[in-house]
Structure formats: structure tokens, C-alpha cells
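A short write-up of the structure that comes next.
2 protein chains.
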Amino acid sequence: MSQNSPFAFTDAFRDGLPVPIPRFTGLPKYNFVYGHNDPSEVPAETLAQIASRVIARDGALLGKYNLGHGPQGHEGLRDFVADKVARTRGIAATRDDVAITSGSLQGMDLVNQLLLAPGDTVILESLTYGGAIAKARARGAHVVGAPLDGGGLDMAALRGILEDLRQQGVRPKYIYTIPTVQNPTGSILSLERRRELIALSREFAVPIFEDECYADVRWAAGDAPPALYSLAPAQVIHIGSFSKSLAPALRVGYVIADWSVLSQLLACKGDGGTGALEQMVVAEYFSQSFDDHLARLTPALRGKLDTLVEALEKEFGTDVEIFMPEGGIFLWVKLPDEVDVRSFAAAALEQGVAFNPGPDWACDPEEARSHMRLCFALPSKQQIREGIAELARICHAHTGRPRRSANVARG
Amino acid sequence: MSQNSPFAFTDAFRDGLPVPIPRFTGLPKYNFVYGHNDPSEVPAETLAQIASRVIARDGALLGKYNLGHGPQGHEGLRDFVADKVARTRGIAATRDDVAITSGSLQGMDLVNQLLLAPGDTVILESLTYGGAIAKARARGAHVVGAPLDGGGLDMAALRGILEDLRQQGVRPKYIYTIPTVQNPTGSILSLERRRELIALSREFAVPIFEDECYADVRWAAGDAPPALYSLAPAQVIHIGSFSKSLAPALRVGYVIADWSVLSQLLACKGDGGTGALEQMVVAEYFSQSFDDHLARLTPALRGKLDTLVEALEKEFGTDVEIFMPEGGIFLWVKLPDEVDVRSFAAAALEQGVAFNPGPDWACDPEEARSHMRLCFALPSKQQIREGIAELARICHAHTGRPRRSANVARG
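If you want it as C-alpha cells, here you go:
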């Protein structure tokens with residue numbers, strides 16, 4: 001050890017940390033990962049005017065933690081959230097039922113912090129947001145995956161899991177679900193199944209953790225059944241976000257829950273408040289323009305989805321199975337069973353094509369070994385076409401599939 | 001249990017949670033708590049123009065997580081931080097050594113997450129930021145308080161603590177210190193003591209966790225010794241903030257550390273990034289106006305401090321001992337030994353006067369039973385005078401002290 005390094009910090013690290021990140025070297029050329037949004041749909045000029053107006057008007061309040069609005073966050077934004085979820089998700093709430101968080105991810109962290117101790121059990125959808133799996137496991141929880149079909153959670157299977165756990169004396173801490181534009185499968189849970197889920201939660205006394213971060217971005221607005229929270233507020237913790245409806249670099253999300261939950265959750269939120277400037281701007285913009293904004297955004301995203309589907313059909317032909325989403329910013333696809341997408345994910349990234357391997361979005365990685373999640377919001381249509389062509393080329397080089405692309409047999 | 005509440009969420013809560021928060025009912029009339037800043041010193045008009053300019057220019061980037069700048073945060077802000085700490089704190093760093101966090105509190109959370117497991121030991125200054133004590137204890141760490149004198153950490157006492165712990169086979173995970181405008185005592189550690197501290201860290205192989213969140217707000221700019229990080233980068237994790245130098249409702253702070261630390265710390269930062277709009281605005285404003293801003297802010301704060309000291313001397317006379325700070329936004333004071341400030345803190349709050357009781361800022365609460373921390377940045381000078389008069393009245397009603405206020409004997 002050199003004179004300048006009398007000890008290694010790493011010696012002091014606790015056990016069980018995640019893998020260190022590599023140095024950031026820029027986004028990949030063809031970027032189908034994560035939840036980036038469409039930069040051309042960010043209303044930069046309007047947001048610039050809005051920001052100028054709200055800061056000139058309320059900027060002095062920035063001198064106070066939380067603008068002096070208290071730990072639940074910006075009052076106007078909470079009013080907007082309450083109004084929005086009433087109009088679009090059937091939720092009867094006021095600003096008092098809403099806590100603003102730094103993205104829905106902080107909401108998820110806080111719910112986990114509230115409920116999970118090492119050894120606890122949680123039920124997640126068998127295919128779900130990778131971060132939800134990782135965050136629960138990082139707190140030492142045992143993750144049980146509940147099967148999905150084309151309509152979302154399979155209620156008979158969920159009942160079986162709950163009964164098995166009860167027989168083992170295990171009461172899960174929550175059932176985590178993304179009922180409205182499920183991640184990654186894109187389905188919307190029917191009202192009938194929602195009612196069944198509420199009944200199971202009641203029967204087994206297991207809270208529901210409802211993540212609706214994609215619910216505002218649907219192809220046919222208004223056609224989704226009401227949020228689980230609206231059906232049984234005493235059984236559900238509800239989180240949402242503006243990352244998908246506006247922009248993910250703005251870190252603004254929310255939790256809606258009973259005060260017995262919020263009061264304890266906010267006691268754990270030792271962050272000095274969520275960024276106020278972002279709350280001010282989102283509140284001002286969306287209080288006026290939420291419906292208009294979504295009316296522009298969703299067709300633009302839908303158009304990119306169509307381009308992606310066309311490109312996949314052209315480049316992968318019958319070797320790709322497509323799960324058409326009801327909204328959102330990603331597409332879940334499956335390659336033939338013999339293809340393990342992990343066999344070419346790293347090579348693809350090296351060659352500038354990034355996708356989310358199915359195993360990262362599955363409680364049991366093997367279940368999704370042939371799947372990919374493709375986010376279509378960030379790349380242009382041209383980049384989508386080029387990127388999928390590249391992906392097909394790379395996939396073929398490593399797996400022999402797809403055998404044909406655009407009527408041309410490959411090597 | 002009613003039909004609507006088939007179970008109580010609280011049954012599912014894990015053990016060891018903090019006390020739930022009460023409903024927020026507004027800020028107290030005379031507010032001497034926390035780290036609020038002076039609202040009249042927030043340059044609202046300028047920030048409005050800045051925000052408008054940066055969003056019009058770079059707003060589309062908000063469509064990408066972290067603006068596409070990667071997990072360390074906004075490149076321009078990291079450049080500014082590196083430049084600022086080079087100029088003002090003697091730190092040789094580039095943007096690669098800086099990670100932007102959601103306030104320095106997130107930095108603190110991440111350092112704790114990185115290093116602390118239940119049963120670990122940490123050394124804190126015996127009087128220190130209450131959040132630092134609470135956060136370490138929340139992770140199950142054993143907190144050892146190291147004595148301070150008027151010049152900050154007492155190095156002989158610290159050596160004794162380190163030797164005792166070594167004899168017990170305990171290697172502390174860090175020595176947490178606020179060397180430059182100590183919280184709550186307001187002292188600045190001398191260069192000689194900084195060198196001794198570095199030597200102790202080296203000898204006992206214990207990292208230093210340096211919190212400089214107040215370092216930019218000093219009465220005599222330039223006269224503070226260089227940061228501990230600058231003296232021994234391989235031994236120190238350094239955090240800082242813009243809450244005190246600009247506005248606390250903006251959640252922007254930073255960590256400077258070796259890549260072995262940052263790469264692991266950022267792997268734990270599962271928040272989707274720090275709010276980008278706040279980073280954009282702080283970067284743009286402070287890249288141009290940091291020195292000018294501080295040149296306006298610090299005399300304004302100093303003026304309020306003088307008002308506070310005058311008011312205390314008038315209302316408490318010889319019953320108050322004042323620890324004049326070298327900068328910052330708070331004053332540490334002591335009442336006579338027989339006064340326990342906890343005996344009237346709640347009553348004062350009910351009557352509209354909020355202060356931080358000394359015991360909340362002490363590893364051993366009893367050590368600071370007669371102390372108060374008074375933040376002077378938020379209230380106007382008029383409010384300071386009125387609030388301290390009220391405080392003296394309430395204190396006297398509960399403790400019989402102060403006996404005289406403004407030459408008038410009290411009841």
C-alpha cells in the first residue's frame with residue numbers, strides 16, 4: 001500500500017453491496033433500455049416560460065425547506081395529483097392523502113423501508129420491473145413470483161401462492177403489482193380481476209402495493225378500470241410518477257395512502273424534501289396542460305411502437321413473438337426458446353445496441369431467458385429501424401436466429 | 001375492525017421505525033429551527049431568467065434519465081463543483097471525482113449505506129448535526145461522541161477514543177466531522193488539527209467522513225484551512241451542498257471521493273438520478289455568479305446574527321452564553337446549568353417559537369441539556385427581536401430564568 005493510501009476504503013464496506021458501477025461512457029447509439037422518454041416531446045419552450053413565471057412569483061419560497069409546504073410536498077402539485085387521479089383513476093383523494101416523492105423509485109424505497117426486514121416475504125408479478133425485484137432483495141426479502149397471463153395476474157395461481165404461504169405460516173408483506181400497463185408485458189388488469197385481487201388481499205390480510213407509473217400513458221385514454229386504490233383505499237399503497245408522462249430527468253413522483261402509512265413513510269423520508277423547483281414546474285405545467293400534453297405524447301409514442309413492431313417483423317420475421325402493450329414506452333418480445341438473450345446482450349451493447357434482457361425483468365430469470373424488453377421512446381424512428389436491423393444481425397451471429405430477415409436468408 | 005379495514009397496515013410495519021410525523025400545520029411564527037435560508041436573499045428574478053434560458057436550450061435532454069450525463073450527474077455542475085472546491089477548499093478534483101446527490105443528506109445516506117451494518121461503530125463529534133446521529137443509529141451503528149473545544153475536535157481525546165476502541169478490537173467505520181463551520185458550535189478546525197486528524201485516520205486506518213455543507217458561508221472568506229479531503233484524498237469522503245449557499249428547497253449536493261468509493265456509492269443510489277432541472281439551474285447560476293452571490297449573502301446573514309446576539313443579550317443578559325460562529329446560519333447558546341431546555345421546548349413551539357433543543361444535537365443528550373441551536377437565516381430582524389423576547393418570557397415562565405430582561409427584573 002502506497003504512502004498515499006494508508007488503507008483501502010473497500011475494507012470498510014459492509015457486506016452485501018451491489019456491484020460497483022463502471023465509468024459512464026455515454027449512451028449507446030441504439031438505446032432500447034430503461035425508461036427514457038421522447039426528447040422531441042418534451043415541451044422545452046413551454047417549460048421554459050412556466051419555470052420563469054413560477055420562479056419569479058414563488059422563488060423566494062425556495063429559501064425554506066419544502067417551500068414551507070411541509071413534508072408532504074408542494075401543495076399545488078398535491079392538489080393536481082388528487083384531481084388527476086380522481087379524473088383518470090377513480091381515486092377519491094385530497095392533497096392530504098398525497099406525498100410527493102423524488103420519482104416513484106423513492107416511493108418504492110420508502111414502502112420497502114417501512115415494511116421489509118430481512119427474511120420477510122413479498123409477492124411480485126413473475127415478470128416485473130427489475131428494480132422492484134432488486135430493491136426487495138436488497139432488503140433481505142424473499143421474493144415469490146406470481147404468474148401472469150395475457151390479462152395480467154392470474155388470480156387462481158395467486159390464491160394458490162397465498163394458501164401455500166399461509167400453510168407455511170408466512171404472511172407476505174405485500175403483493176406488488178403494476179396493474180395498468182404492466183411492466184414488462186404491457187397488459188391492463190380487468191375490473192373483474194381487480195376485484196378478485198382486492199378480495200384476496202382482504203382474505204389473506206396482505207396489503208397491495210400498486211405501481212401506476214405508466215397508467216397515464218395509454219393508447220385509449222379512459223378505458224382502463226379504476227385503480228386498485230380506488231376500490232379499497234384501506235388495503236392499498238399507490239405510487240405514481242411523472243417520468244413517463246413528462247420527463248424522467250425530473251424526479252417527481254407520489255404516494256397515495258392512508259395517513260397511518262404516510263405519516264410513518266414520511267418519518268423515514270430523511271432527505272430534506274423532494275426538489276422544489278421540479279415540483280413547482282410540474283405543478284404549473286400539468287395543472288394547465290395535462291390532458292393536452294398526453295393527447296400529443298401518446299400518439300407520438302404509439303407511432304414509435306408501430307415502427308418498432310414493423311422493424312421487428314421485418315428483421316426477425318416469425319422468430320419474434322410480440323406482446324402488444326396497451327400503453328407505455330416499451331415492448332416485450334420473445335425469441336425462440338433455444339435463444340438465451342444473455343448470450344449476446346453484452347456483445348450487442350459493445351456494438352452500440354442496448355436492450356433489457358428478459359431475465360433482469362423476471363423473478364425467475366430462466367423463465368424469461370428468451371425475452372427482451374425494448375423501450376421505444378428515446379430513439380427516433382430511423383434509429384429504431386437501424387437498431388433493430390443491427391440487433392437481428394448480432395443475434396443471428398450469436399444464436400443462428402433469426403434465420404431470415406426481410407425475405408433474405410441469413411448466413 | 002370495520003368492513004373497510006380488513007387489516008391494519010401498521011401490523012405489517014417492520015420493527016425499529018422512527019416515530020410517525022404529525023400533520024403539518026404550518027411553520028411556527030418565530031422559526032429558529034432547521035437550515036432554512038433567508039428568502040429575501042434568494043435571487044428569484046435572476047433564477048427565473050436562468051431557468052428560462054437553460055430549459056429553452058437544454059430542456060429536450062430532460063427526456064433522458066440524468067440528461068444522458070450518466071449516474072454522476074450534470075456535467076456542467078460537476079465542472080463547477082470541481083472548480084469551486086479547487087478555488088475555495090484546496091481540492092484538486094475533476095468532474096470525474098464528483099457525484100451530484102439530492103442534497104448532502106442523500107450523500108450522508110449513501111455513505112452510511114455503503115459502510116454501516118448493525119453493530120458497527122462510528123465516531124461523531126460529541127455535538128453534531130442531529131440527523132447524522134439519527135441516521136447512523138437508524139442503521140444499527142453504535143455512536144461514540146468525540147469531545148470538542150472552542151477550536152473543534154480535541155485531538156488528544158480523539159486519540160484516546162481510538163486507542164480504547166482498538167483495545168476492544170473495534171475499528172470504527174468512520175470519523176464524521178464538520179470541520180469548517182461546525183454544526184452546532186460554529187468553529188473552524190485549524191490546519192494543525194486537520195493534520196493531526198489526518199495522521200490519526202492514517203494511524204488507526206479509519207476513514208474520515210467530512211461534511212462541508214456550511215463551508216461556503218463564512219464571515220471571512222478565504223481564511224479557512226483547506227478541506228481535509230485536499231490533505232489526504234485517499235482517506236476522506238467529502239460531502240457538500242448548495243442548501244446553505246443558495247436555497248434548501250433545491251435538493252442539490254455532492255460527494256467527492258475516490259472512484260473505489262464513488263463507483264460503489266452510485267451503485268447504491270437507486271433513485272433514477274438527482275433532479276436534473278435543479279442541477280441545470282444551479283450549474284448555470286453558480287458558474288457565473290457564485291462569488292457575487294456569496295458576497296451578498298454572507299453579510300446579510302452576518303447582520304441577522306448580530307441582531308440575534310443583541311436580542312439574546314438584551315433578553316437573557318448574563319444568563320446566556322454565546323458561541324460566536326465563524327459562519328453559517330445558526331448560533332449555539334447555553335443557558336445556566338440548572339435550565340433543561342427540554343422543559344419548555346414544546347410549550348415554546350405551542351406559543352409559536354421554535355428552536356432546536358441542544359440534546360437533539362448531541363451524542364449524549366445530557367451534555368447539551370442547557371443548550372439551544374438558533375437558526376437566524378429565515379426570520380426577519382424584527383421577527384428575531386420579537387421571537388427572542390417571547391423565548392425569554394416562555395423560558396422564564398418554565399425555569400425562572402432569565403431573571404432579568406433589558407434591565408427589568410422578571411416576576
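Chains S and L, in that order, are what the protein sequence lines are. Under UniProt numbering, read the first sequence as residues 1 to 411, first letter to last. Under UniProt numbering, read the second sequence as residues 1 to 411, first letter to last. Glycine is no exception: its CB is placed at the ideal position from the N, C-alpha and C atoms.
Q. In chain S, which residues lie less than 7 Å from residue 30/L when you measure between Cβ atoms?
A. Taking the second sequence and counting its residues from 1, one reaches residue 30/L at position 30. Chain S residues near residue 30/L: none, gap ~14 Å exceeds 7 Å.
Q: Quick one: measure Cβ to Cβ for residue 353/L and residue 391/L, integer angstroms, because I've assumed they're closer than 8 Å.
A: Locating residue 353/L in the second sequence gives position 353, counting from the first residue. Locating residue 391/L in the second sequence gives position 391, counting from the first residue. Confirmed, Cβ separation roughly 5 Å.
(Q) Is there a Cβ of chain L sitting closer than 8 Å to that of residue 213/S, yes or no? (A) On the first sequence, residue 213/S is found 213 positions in, with the first residue counted as 1. Cβ-Cβ to chain L under 8 Å: no for residue 213/S.
Q) With 16 other CB atoms within 10 Å as the buried threshold, where does residue 402/L fall? A) By one-based count along the second sequence, residue 402/L stands at place 402. Burial call: buried.
Q: Measure the alpha-carbon distance for residue 389/S versus residue 315/S and round it to whole angstroms.
A: Position 389 of the first sequence, counting from 1, holds the residue named residue 389/S. Position 315 of the first sequence, counting from 1, holds the residue named residue 315/S. Rounded to the nearest angstrom, the two C-alpha atoms are 6 Å apart.
Q: For residue 324/S, count neighbouring C-beta atoms within 10 Å of its own C-beta (all shown protein chains included) and say buried if the count is 16 or more, exposed if not.
A: Position 324 of the first sequence, counted from the start, is the residue given in the question as residue 324/S. It counts as exposed.
**Q.** At least three beta-carbon pairs within less than 8 Å, the stretch 66–86 of chain S to the stretch 190–205 of chain S
**A.** Here the stretch 66–86 of chain S makes no contact with the stretch 190–205 of chain S; the two share fewer than three CB pairs at distances below 8 Å.
Q: Quick one: residues in its chain with C-beta nearer than 6 Å to the C-beta of residue 362/S, no 5 flanking neighbours on either side, listed in chain order?
A: As a working mapping, residue 362/S is identified with position 362 in the first sequence. If we look at residue 362/S and ignore the five residues flanking it on each side, its Cβ neighbours are 127, 368.
(Q) Suppose only complete runs of 4+ residues qualify. What are the alpha helix (DSSP H) ranges in the stretch 125–184 of chain L, listed by chain order? (A) 130–138, 155–167
Q.
Tell me the DSSP secondary structure of residue 39/L in three-state form.
A. For the purposes of this step, residue 39/L is taken as the residue at position 39 of the second sequence. Of the three classes helix, strand and coil, the one that applies to residue 39/L here is helix, per DSSP.
Q | 8 Å contact criterion, which residue 415/S and residue 209/S should meet: CB distance rounded | A | No answer is possible for residue 415/S: the residues shown for chain S start at 1 and end at 411.
Q | Within-8 Å CB hit, residue 65/L to chain S | A | Here residue 65/L refers to the residue found at position 65 when the second sequence is read from its first residue. Closer than 8 Å to some Cβ of chain S, the Cβ of residue 65/L qualifies, so yes.
Q. In the structure shown, what three-state DSSP assignment does residue 1/L receive?
A. The residue labelled residue 1/L in the question sits at position 1 within the second sequence. Low per-residue confidence applies at residue 1/L: pLDDT is 40, beneath 50, and the placement is therefore not dependable enough to give any value.
Q. Since residue 105/S and residue 136/S are thought to touch, with beta carbons under 8 Å apart, how far apart are those beta carbons, to the nearest angstrom?
A. Here the question's residue 105/S lines up with position 105 in the first sequence. Here the question's residue 136/S lines up with position 136 in the first sequence. Contact flag wrong, Cβ pair sits at about 13 Å.
Q) Does DSSP classify residue 84/S as helix, strand or coil? A) Your numbering for residue 84/S matches position 84 in the first sequence. The three-state secondary structure of residue 84/S, taken from DSSP, is helix.
Q: Give the single residue among 393/S, 399/S, 37/S, 58/S whose Cα lies nearest to the Cα of residue 283/S.
A: For the purposes of this step, residue 283/S is taken as the residue at position 283 of the first sequence. For the residues 393/S, 399/S, 37/S, 58/S, the minimum Cα distance to residue 283/S belongs to 58/S.
Q.
Does residue 109/L pass the burial test, meaning 16 or more other C-beta atoms within 10 Å, or should it be called exposed?
A. Position 109 of the second sequence, counting from 1, holds the residue named residue 109/L. With 16 or more Cβ atoms within 10 Å of its Cβ, residue 109/L is classed as buried.
Q: Run through the stretch 289–327 of chain L for me and flag every whole alpha helix (DSSP H) of 4 or more residues, listed as ranges in chain order.
A: none
Q: Run the CB neighbour count on residue 95/S, radius 10 Å, all protein chains shown included, and call it buried at 16 or more, exposed below.
A: By one-based count along the first sequence, residue 95/S stands at place 95. Residue 95/S should be labelled buried.
(Q) Please list, in chain order, the residues of the stretch 264–281 of chain L that have any C-beta partner in chain S closer than 8 Å. (A) Result list: 264, 266, 267, 268, 270, 271, 272, 273, 274, 275, 276, 277, 278, 281.
Q: Starting from the N-terminal side, write out each stretch of the beta strand (DSSP E) that is 3 residues or longer and does not extend beyond the stretch 11–78 of chain S.
A: 30–32
Q.
Starting from residue 253/L, trace the beta strand (DSSP E) in both directions and tell me its first and last residue.
A. For the purposes of this step, residue 253/L is taken as the residue at position 253 of the second sequence. Taken as a continuous stretch (DSSP letters only), the beta strand (DSSP E) holding residue 253/L covers 253–256.
Q | Between the CA atoms of residue 67/L and residue 19/L - distance to the nearest angstrom | A | In the second sequence, counting from the first residue as 1, residue 19/L sits at position 19. In the second sequence, counting from the first residue as 1, residue 67/L sits at position 67. Each residue's alpha carbon lies about 37 Å from the other.
Q) Mind listing which residues of the stretch 8–25 of chain S have their C-beta closer than 9 Å to chain L's C-betas, in chain order? A) Contact residues of the stretch 8–25 of chain S toward chain L are 8, 9, 10, 11, 12, 13, 14, 15, 16, 17, 18, 19, 20, 21, 22, 23, 24, 25 (C-beta to C-beta distance below 9 Å).
Q) chain S partners of residue 56/L, CB-CB under 8 Å? A) Stepping through the second sequence from its first residue, residue 56/L is reached at position 56. Neighbours of residue 56/L on chain S, chain order: 44, 45, 48.
Q: Examine chain L for any beta-carbon lying closer than 8 Å to the beta-carbon of residue 173/S, and answer yes or no.
A: On the first sequence, position 173 is the one that residue 173/S refers to. Cβ-Cβ to chain L under 8 Å: yes for residue 173/S.
Q: Can you give me the start and stop residues for the alpha helix (DSSP H) that residue 112/S sits inside?
A: Taking the first residue of the first sequence as position 1, residue 112/S is located at position 112. Where residue 112/S is concerned, the enclosing alpha helix (DSSP H) stretches over 103–115.
Q. Would you say residue 135/L faces chain S, with C-beta separation under 8 Å as the test?
A. Taking the second sequence and counting its residues from 1, the one referred to as residue 135/L is at position 135. Yes, because at least one Cβ of chain S sits closer than 8 Å to the Cβ of residue 135/L.
Q: Specify, as a first and last residue, the run of the alpha helix (DSSP H) that residue 250/L falls within.
A: The residue labelled residue 250/L in the question sits at position 250 within the second sequence. Segment: none, residue 250/L is in no alpha helix (DSSP H) and carries neither H nor E.
**Q.** Contact list for the stretch 219–235 of chain S against chain L, Cβ threshold 9 Å
**A.** 232, 233, 234, 235
Q) For residue 273/L versus residue 251/S, is the C-beta spacing smaller than 8 Å? A) Counted from its first residue, the second sequence places residue 273/L at position 273. Counted from its first residue, the first sequence places residue 251/S at position 251. By the CB criterion at 8 Å, residue 273/L and residue 251/S fall inside the cutoff.
Q | residue 187/S beta carbon less than 8 Å from that of residue 275/L | A | Taking the second sequence and counting its residues from 1, the one referred to as residue 275/L is at position 275. Taking the first sequence and counting its residues from 1, the one referred to as residue 187/S is at position 187. For residue 275/L and residue 187/S, no; Cβs fall outside 8 Å.
Q. By Cβ distance below 8 Å, which residues in the same chain neighbour residue 302/L in space, the five residues on each side in sequence not counted?
A. As a working mapping, residue 302/L is identified with position 302 in the second sequence. Shown here for residue 302/L: same chain residues with a beta carbon closer than 8 Å to its own, the five before and five after excluded, namely 219 in chain order.
(Q) Strictly under 8 Å for the Cβ-Cβ distance: is residue 154/S near chain L by that measure? (A) Indexing the first sequence from 1 puts residue 154/S at position 154. It does not: the Cβ of residue 154/S has no partner Cβ on chain L nearer than 8 Å.
Q) From residue 261/L to residue 118/L, what does the alpha carbon distance come to, in whole angstroms? A) The count along the second sequence starts at 1 and reaches residue 261/L at position 261. The count along the second sequence starts at 1 and reaches residue 118/L at position 118. The alpha-carbon atoms of residue 261/L and residue 118/L are separated by roughly 20 Å.
Q) Cα separation between residue 356/L and residue 346/L? A) Reading the second sequence from its first residue, position 356 is the one you call residue 356/L. Reading the second sequence from its first residue, position 346 is the one you call residue 346/L. Their Cα atoms are separated by approximately 11 Å.
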